[in-house]
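Q: Take this structure, written in structure tokens, and hold onto it; I'll ask about it next.
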Amino acid sequence: MTGSLDGVLVADFSRVLAGPYATMLLADLGADVVKVERPGAGDDTRAWGSPYDGDGTATYYLSVNRNKRSVTLDLTDPDDLTVARDLAHRADVIVQNFRPGTMERYGLGYADIAAANPRAVYCSITGFGSGAGADRPGYDLLVQAVGGLMSVTGAQPGEPVKVGVAVVDVITGLHATVGILAALRHRHATGAGQHVEVNLLSSLLSALVNQASGYVSAGVVPGILGNAHPSIVPYELLPTADRPLAVAVGTDAQFSALCRALGVPAVAEDPRYGSNADRVRHREALITTLSARTALRSADDLAAALSRLGVPCGPVNDLGGAFRLATDLGLAPVVDIDGPERSQPVRQVANPITLSGTPAVYHRPPPRLGEHTAEVLAWLAPGKPGGPAAPQS
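Under our numbering, the sequence shown has 229 at position 229, and the numbering climbs by one with no breaks.
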């Protein structure tokens, strides 16, 4: 079965997370992704362990590099640089996340590639854009801090914390993927490639959605509310007899059902809590009343009772619990990918996109460093059978 992007060649000069996540998504959808890595070291995340899998590979690297071919090229070596340029000149998509100006020094910048390959979709991923922020290194923690995410994340005011995963990199990778797909659609219609640019700071500001809108549209600078929501109540963790329970009440009907389940139906009739806006204004009193009732029952008991009434809720799971839940719901969250010289299949988190006609493909485990160098060099050689097809329309 072929994927939606079958025949699309991606030259992947990116490393770490945002770029590799984007190119993995493209590979899952059928694109042929050639990952260009430094000889001897490769992608930085190859060394980011523990944990490691059974073959001693850092699981960080494994998380975003399946379905790719790895070729090692030293861009300071003239022969290797010629190969890199040849790959980029033939590619449908080029993805890179070096600091602005780096690829230009090697003749691999957008203008260089567009001159030789005007149909190319060239995606640049930076931390702070290519203007005044070009020299600033982009790391997820740094952008979470300066981009405002940490200012609304934490247990209480004055104690900002980062999100427990590099969420800004992931969001930026998603934005890069959307931009690349849009540019490919435009190329299909016009024959022209273009330059796609995304940066971590802008991606985060967009992803702050309601919090950012509150500032831009109303001048409200939000602060830390712990697990509470600035605009919806109750929408937070409530205590139970054994572990916290997330309750996400978004309507008056759900609030009424919650109160009935807790044995306090009169609370739903209290004028202080008649609407969501009322509940936001009287947040502390309401949460105190509800918490006194939820603390009397176990999380599982409450979750079952509330779910029967249509109240969105669930206990705080660890990752084991999260994957068990997804499995129980039939979501098939894990795939096993076999590969040569692997002692066991590589376990991967499944692509979350379901396509009825061209589902995600899993045909290669994350490659070993330089695993496909000889294959790719032979594949790129002019006149050799099995060389790269013409760029896709």
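Note that beta-carbon positions come from the ideal geometry of N, C-alpha and C, so glycine has one too.
#1: State the start and end residues of the unbroken alpha helix (DSSP H) segment that holds residue 299.
#2: Would a C-beta distance cut-off of 9 Å place residue 99 and residue 137 closer than the cut-off?
#3: Looking at C-alpha atoms only, which residue of 177, 321, 123, 315 is the closest neighbour of residue 294?
#4: Taking the C-alpha atoms as reference points, what is the distance between residue 385 and residue 339?
#5: Based on the DSSP secondary-structure assignment, which residues constitute the bridge partners of residue 248?
#6: On the three-state DSSP scale, how would you describe residue 367?
#7: Would you kindly work out how many angstroms separate the C-alpha atoms of residue 300 and residue 106, rounded to a whole number?
#8: Contact between the stretch 109-126 and the stretch 30-49 is defined here as three or more beta-carbon pairs at a separation below 8 Å; is this criterion met?
#9: Could you tell me the boundaries of the alpha helix (DSSP H) in which residue 376 lies?
#10: Run through DSSP, which three-state label would residue 336 get?
#11: Residue 267: buried (16+ other C-beta within 10 angstroms of its C-beta) or exposed?
#12: Can you tell me whether residue 389 is buried or exposed, with buried defined as 16 or more other CB within 10 angstroms of its CB?
#13: Drop a sphere of 10 angstroms on the beta-carbon of residue 274, count the other beta-carbons inside from all chains shown, and report buried for 16 or more, exposed for fewer.
#14: Going by CA-CA distance only, name the one from 11, 67, 35, 159 that's closest to residue 337.
#15: Note down the Cα distance separating residue 224 from residue 153, rounded to an integer number of angstroms.
#16: With DSSP collapsed to three states, give me the class of residue 254.
#17: Residue 78 lies in the alpha helix (DSSP H); which residues open and close that run?
#18: Could you compute how far the alpha carbon of residue 284 sits from the alpha carbon of residue 172?
#19: Using the Cα positions of residue 325 and residue 350, report the straight-line distance between them to the nearest angstrom.
#20: Using only CA atoms, which one of 95, 6, 355, 313 lies nearest to residue 16?
#21: Between residue 298 and the rest of its own chain, which residues show a CB-CB distance below 7 Å, the 5 nearest in sequence each way excluded?
#22: How would you call residue 343, buried or exposed, if buried means at least 16 neighbouring beta carbons within 10 angstroms?
#23: Which runs of the beta strand (DSSP E), 3 residues or longer, sit entirely within the stretch 29-69?
#24: What residues match up with residue 197 in a beta bridge as DSSP calls it?
A: On the basis of the coordinates in this document:
#1: 299-308
#2: yes
#3: 315
#4: Residue confidence for residue 385 is low, a pLDDT of 45 falling below 50, so the modelled location carries little weight; the figure read from the coordinates is stated next. About 24 Å.
#5: 235
#6: coil
#7: 59 Å
#8: no
#9: 373-380
#10: strand
#11: buried
#12: A caution first: residue 389 carries a pLDDT of 46, below 50, which makes its placement in the model too unreliable to give a value.
#13: exposed
#14: 67
#15: 6 Å
#16: helix
#17: 78-90
#18: 36 Å
#19: 15 Å
#20: 95
#21: 240, 241, 242
#22: exposed
#23: 32-37
#24: 124
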